[in-house]
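Every letter in the sequence shown is one number past the one before it in the numbering used here, and letter 78, counting from 1, is 63.
For every residue, glycine included, the Cβ atom is placed at its ideal position computed from N, Cα and C.
Bear in mind the structure is a predicted one, so any value in this text is a computation, not a measurement.
Right, one structure below, let's go through it.
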Amino acid sequence: MASKGSSTGGDEKKKKSMYTLKLTEGQLDKLGQALSSRGWPAKEVQYARHAFEGDQVKVVAYESGKLVVQGKGTEDFVTNVLEPEVTGEFLLGYEEVNNPEWFEPHAGLDESGKGDLFGPVVTACVIADGDMVRSWMEAGIRDSKTI
């Protein structure tokens, strides 16, 4: 029986289906103008200043400035609308250029638990190089405090 896997050979990079970013007040206004001018239907979302739904992408900008972009069209939206028209900064796909220190070998550790009342203290440490960081980023792994 034939496999149901992709026939593209597996070398294709997986596209992002979610993107978050902190926007300034001015950028929030630019975003609203950019999407309204495209005729994107506005949506009501609690605590959101702007919420729109386009072709294969949902865009929600919260009052706090946090922007969440979701859907199959996330990368296209970020590279074709958000970066050139709203932020003026090109970040998606330029992680190694903008943050080369992320890809240098480094170690990190963390602990969880209290030990005295709620069970043991558990610690974990990892040493990562550039290849590991690239694979984690492609898989969508990141610091849980930034989600």
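Item, Value
"Three-state secondary structure (DSSP) of K51", "strand"
"Sub-8 angstroms separation of M122 and T59 beta-carbons", "no"
"For K(-11), three-class secondary structure by DSSP", "Caution is warranted here: a pLDDT of 42 is assigned to K(-11), below 50, making its placement in the model unreliable, and no coordinate value can be reported."
"Selected residue, minimal CA-CA separation from G39, among Q31, S21, S49, L52", "S21"
"DSSP bridge partner residues for T108 (one or two, in chain order)", "E96"
"Through-space distance from L8 to G50, alpha-carbon basis", "5 angstroms"
"Cβ-based neighbour list, T108, same chain, cut-off 6 angstroms, excluding 5 preceding and 5 following", "E96"
"Cα-Cα separation, Q41 to K0", "13 angstroms"
"Distance CB(V44)-CB(F88) smaller than 8 angstroms", "no"
"Three-state class that DSSP yields for G115 in the structure shown", "helix"
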